[in-house]
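Below: the structure, in structure tokens.
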Amino acid sequence: MDYKKIKTDSEAVTRKLKDFDAPTGNIYESVAILSKRANQIGKDIKEELNRKIEEFASPNDNLEEIFENREQIELAKFYERLPKPTLIAIQEFLEDKIYYRNPAKDVENLS
8 MDYKKIKTDS EAVTRKLKDF DAPTGNIYES VAILSKRANQ IGKDIKEELN RKIEEFASPN
68 DNLEEIFENR EQIELAKFYE RLPKPTLIAI QEFLEDKIYY RNPAKDVENL S
């Protein structure tokens, strides 16, 4: 997924508890879903950043090259300006873009 194109707040805002409680019926379950999704997003963004930074790596770096690599600095600034993974996860959850299931509830419904 392209996290750079997601339209969300870049800083935390106050939200209504009912918005998170409604889809699952349990606020704690919703928070657990958000936490797991934010971890997935954070991992994906970190892996993408590491791949791009590896492109700039050279086998014989010296101290001057490390401090003067402008492209790498601009890349890092770009990723710092992205919304935090938690905010992206919240936006996806509120837009019903996250697939989740609770195996315990599935067993109850079968009984």
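8 is the number of the first residue of the sequence shown in the numbering used here; add one for each residue after it.
From the three backbone atoms N, C-alpha and C, an ideal C-beta is built for every residue, glycine too.
- Message: Please list the terminal residues of the continuous alpha helix (DSSP H) segment that includes S42.
- Response: Here residue 42 refers to the residue found at position 35 when the sequence shown is read from its first residue. Counting along the chain, the alpha helix (DSSP H) containing S42 begins and ends at 34-61.
- Query: Assuming Q98 and I13 make a contact with CB atoms under 8 Å, what is their CB distance in whole Å?
  - Reply: The count along the sequence shown starts at 1 and reaches residue 98 at position 91. The count along the sequence shown starts at 1 and reaches residue 13 at position 6. Confirmed, Cβ separation roughly 6 Å.
- Are the CB atoms of L94 and D26 nearer to each other than 9 Å? Walking along the sequence shown from the start, residue 94 turns up at place 87. Walking along the sequence shown from the start, residue 26 turns up at place 19. No, these two residues do not count as a Cβ contact at 9 Å.
- Under the three-state reduction of DSSP, which class applies to K112: helix, strand or coil? Here residue 112 is taken as the residue at index 105 of the sequence shown, counted from 1. In the structure shown, K112 sits in a helix (DSSP, three-state: H, G or I).
- Message: In whole angstroms, give me the CA-to-CA distance for A19 and L41.
- Response: Residue mapping note: residue 19 aligns to position 12 of the sequence shown, counting from 1. Residue mapping note: residue 41 aligns to position 34 of the sequence shown, counting from 1. Each residue's alpha carbon lies about 14 Å from the other.
- Taking contact to mean at least 3 C-beta pairs separated by less than 8 Å, is the stretch 85-94 in contact with the stretch 44-51? yes
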